[in-house]
Amino acid sequence: METRRNGLKRESYVLSVDVGTTSIRCHVYDKEAQIRGSCITKVNLLYPEPGLVELDPEELWRGFVKVVNGAVQDSGLQMCQMETLGISTQRGTFTTWDRKTGVPFHNFISWQDLRAVELVRSWNNSCTMKAIHGVMMVLHFLSKNKRFQAASLIVFSTQHVTFRLAWALQHWKQLGQAVAEGNCCFGTIDTWLLYKLTKGLVHATDYSNASATGMFDSYQLCWSEFLCCLVSLPLSILPKVLNTGHRFGLTDPSIFGVSIPIMSVMADQQAAMFGECCFDIGDVKITMGTGTFMNINTGSKPHTSVAGLYPVVGWKIGPEVVYLAEGNAADTGTAIKWAQELELFSDVRETDAMASSVANSDGVCFVPSFSGLQAPLNDPKACASFMGLKPSTTKSHLVRAILESVAFRNKQLYETMLRETHIPIRKIRADGGICTNDFVMQLTADLFGRKVARPIQHEMSCLGAAFVAGLGVGFWKSQEELKKLQRTDRVFLPRNLYRMGDGGTEGEYTPILQSWEQALKRSMNWYGNP
Numbered sequence: 003m004e005t006r007r008n009g010l011k012r013e014s015y016v017l018s019v020d021v022g023t024t025s026i027r028c029h030v031y032d033k034e035a036q037i038r039g040s041c042i043t044k045v046n047l048l049y050p051e052p053g054l055v056e057l058d059p060e061e062l063w064r065g066f067v068k069v070v071n072g073a074v075q076d077s078g079l080q081m082c083q084m085e086t087l088g089i090s091t092q093r094g095t096f097t098t099w100d101r102k103t104g105v106p107f108h109n110f111i112s113w114q115d116l117r118a119v120e121l122v123r124s125w126n127n128s129c130t131m132k133a134i135h136g137v138m139m140v141l142h143f144l145s146k147n148k149r150f151q152a153a154s155l156i157v158f159s160t161q162h163v164t165f166r167l168a169w170a171l172q173h174w175k176q177l178g179q180a181v182a183e184g185n186c187c188f189g190t191i192d193t194w195l196l197y198k199l200t201k202g203l204v205h206a207t208d209y210s211n212a213s214a215t216g217m218f219d220s221y222q223l224c225w226s227e228f229l230c231c232l233v234s235l236p237l238s239i240l241p242k243v244l245n246t247g248h249r250f251g252l253t254d255p256s257i258f259g260v261s262i263p264i265m266s267v268m269a270d271q272q273a274a275m276f277g278e279c280c281f282d283i284g285d286v287k288i289t290m291g292t293g294t295f296m297n298i299n300t301g302s303k304p305h306t307s308v309a310g311l312y313p314v315v316g317w318k319i320g321p322e323v324v325y326l327a328e329g330n331a332a333d334t335g336t337a338i339k340w341a342q343e344l345e346l347f348s349d350v351r352e353t354d355a356m357a358s359s360v361a362n363s364d365g366v367c368f369v370p371s372f373s374g375l376q377a378p379l380n381d382p383k384a385c386a387s388f389m390g391l392k393p394s395t396t397k398s399h400l401v402r403a404i405l406e407s408v409a410f411r412n413k414q415l416y417e418t419m420l421r422e423t424h425i426p427i428r429k430i431r432a433d434g435g436i437c438t439n440d441f442v443m444q445l446t447a448d449l450f451g452r453k454v455a456r457p458i459q460h461e462m463s464c465l466g467a468a469f470v471a472g473l474g475v476g477f478w479k480s481q482e483e484l485k486k487l488q489r490t491d492r493v494f495l496p497r498n499l500y501r502m503g504d505g506g507t508e509g510e511y512t513p514i515l516q517s518w519e520q521a522l523k524r525s526m527n528w529y530g531n532p
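The opening residue of the sequence shown carries number 3 in this note's numbering; numbering runs sequentially from there.
Right, dumping it as structure tokens:
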């Protein structure tokens with residue numbers, strides 16, 4: 003595709019930025035979805051108190067601008083050749099700011115933050131929630147309406163925005179005053195970036211980001227008035243919800259020197275799903291990054307779960323809405339980074355060889371729950387732990403136990419997904435930084451009994467946002483064209499002889515899995531009230 007600026011024809015490209023939990027990266031993509039230029043910068047997480055995780059909004063904004071300029075410079079191209087901009091962001095991390103001045107009232111409160119854990123627990127155990135569950139169960143029995151069934155199964159989590167925002171409104175008087183004066187804007191990272199990129203002209207989000215907040219009704223495709231009323235969240239501060247593929251506005255020319263159309267805003271996991279071309283019902287994507295997120299395409303209807311899977315909007319492009327069911331484990335990459343900081347290894351690339359250098363983990367089990375345990379156990383009070391340590395335990399045993407825990411959590415999520423959705427699996431693709439580890443990938447394929455494909459590009463959120471933005475301006479014409487651009491690095495096949503219980507993975511790992519599940523149980527409710 004070509005653009006014409008000042009009478010000259012120039013090749014055009016797609017610019018895409020992914021704001022993750024630990025980094026901000028920008029890629030410049032050409033027509034073949036090849037990366038022509040890149041730039042990455044670190045996200046500095048702040049830990050003002052134990053359990054509190056924050057980000058500086060202005061520092062994050064400066065990092066965003068830095069990587070865009072850096073990627074275009076790295077490509078050797080000019081900013082005027084950027085046809086469109088796509089944005090992918092971590093979900094559930096939010097701030098609030100002054101509607102008139104644009105100045106934030108506080109730092110971003112991260113999705114990993116636990117300040118609202120007691121508020122969540124008190125609500126989940128409250129008489130109000132029990133009454134709501136009871137009423138909704140009766141309504142579902144009478145009407146068979148799945149919306150009532152979903153409401154009867156609601157369990158609140160700190161990972162959703164709902165109660166972290168409620169906590170902020172309860173504890174910060176300045177915020178409450180701004181709400182009363184109609185001078186408060188709420189936004190997750192995507193909303194904040196849109197606001198900054200357009201110099202305050204746009205206060206919006208998209209369906210994929212909104213559906214991951216916990217405040218959104220995925221059945222009605224709007225903010226949940228019932229839930230917001232229930233926990234006293236003002237609807238007036240919430241952004242407008244727009245299609246994932248939409249002309250959100252133009253970047254102000256003072257920022258990058260030219261105005262670039264912003265044609266996609268996506269939540270990172272949904273963007274990775276789109277980048278993996280998981281467009282069909284039964285397609286599964288596993289992203290192993292800071293956390294593990296497993297998504298299955300459920301088509302045009304949201305899935306109702308009893309075990310903690312969460313129905314989210316994958317994307318809305320034109321009239322088409324695609325839903326996903328999602329399960330997650332919060333501390334995949336966090337655990338590996340922690341192990342590196344303890345000097346169990348110096349380079350993450352060593353872990354594959356270290357794990358394979360020993361026959362087993364010597365009875366050591368690792369529970370990866372720095373932020374509690376998610377589906378299907380759903381215990382925010384669980385602790386991270388090593389169990390089964392012996393004098394014979396070596397660093398290699400510890401590393402193997404950590405990597406095994408990643409695959410074991412994958413197996414838990416996968417089995418929950420199969421049991422809950424009853425949807426035949428079409429394909430499984432894995433991405434994220436941890437997917438580069440062959441040990442984890444092979445063990446995951448063995449435990450699933452299914453082949454698992456790894457793409458050449460491991461960071462798929464950026465590509466997904468680029469694909470949606472590119473479709474919006476005609477850079478790419480269709481999803482079928484995108485599928486043809488998909489490139490696979492390796493397909494991990496399950497070692498079927500190991501599934502026969504003859505000393506291989508199934509037989510070998512049955513007692514190990516049982517020990518690990520026992521370790522999970524012993525780690526649960528560790529931080530509970532005595």
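Glycine included, C-beta positions come from ideal geometry on N, C-alpha and C.
From a predicted model like this one, the values you see are computed outputs, not experimental measurements.
Using the Cβ count rule (16 or more neighbours within 10 Å means buried), how would you classify residue i?
i    : result
A409 : buried
S373 : buried
T103 : exposed
F228 : exposed
H424 : exposed
Y49  : exposed
L311 : buried
D270 : buried
D20  : buried
F143 : exposed
I458 : exposed
P304 : buried
N362 : exposed
C41  : buried
M502 : Below a pLDDT of 50, predicted positions are generally treated as unreliable, and M502, at 39, falls in that range; the measurement from the model is reported next regardless. Exposed.
Q444 : buried
What is the residue span of the beta strand (DSSP E) that residue i lies within?
i    : result
C535 : In the structure as shown, the chain starts at 3 and stops at 532, and residue 535 therefore has no counterpart that could be examined.
P59  : Note, P59: premise wrong, no beta strand (DSSP E); alpha helix (DSSP H) at P59 to S77.
R27  : S25 to Y31
A455 : V454 to P457
G251 : G247 to L252
T98  : F96 to D100
Give every residue of the same chain whose Cβ lies closer than 8 Å to the Cβ of residue i, excluding the five residues on either side of it in the sequence, and list them in chain order.
i    : result
P59  : T97, W99, P106, N109, F110 and W194
R249 : P263, I264, M265 and G474
L391 : V366
Starting from residue i, follow the alpha helix (DSSP H) in both directions and report where the run begins and ends.
i    : result
G466 : M462 to G474
E483 : Q481 to K486
F143 : C129 to S145
A168 : V163 to H173
W125 : V119 to N126
A447 : D440 to F450
D354 : E352 to S358
Excluding the 5 residues preceding and the 5 following residue i in the sequence, name in chain order all residues of the same chain whose CB lies nearer than 6 Å to its CB.
i    : result
A521 : C367, V369 and M389
L87  : L17, I262 and I264
A468 : V16, S18, Y31 and G88
L141 : F150
P426 : G284
G53  : L116
Mind checking whether residue i and residue j have CB atoms under 8 Å apart?
i    : j    : result
T300 : I283 : yes
E278 : D433 : yes
D208 : R428 : no
S394 : S359 : no
A377 : N330 : yes
T292 : T336 : yes
I430 : I288 : yes
R402 : A355 : no
Per DSSP, which one or two residues make a beta bridge with residue i?
i    : result
A206 : K242
K287 : N297 and R431
F368 : F388
S90  : D20 and M268
W317 : V324
R492 : R456
Using a Cβ-Cβ cutoff of less than 7 Å, which residues in the same chain neighbour residue i once the five nearest sequence positions on both sides are dropped?
i    : result
L487 : E34 and A35
C230 : M217 and L237
A138 : For the sequence presented, residue 138 should be read as Met rather than Ala. The residues are F150, A153 and S154.
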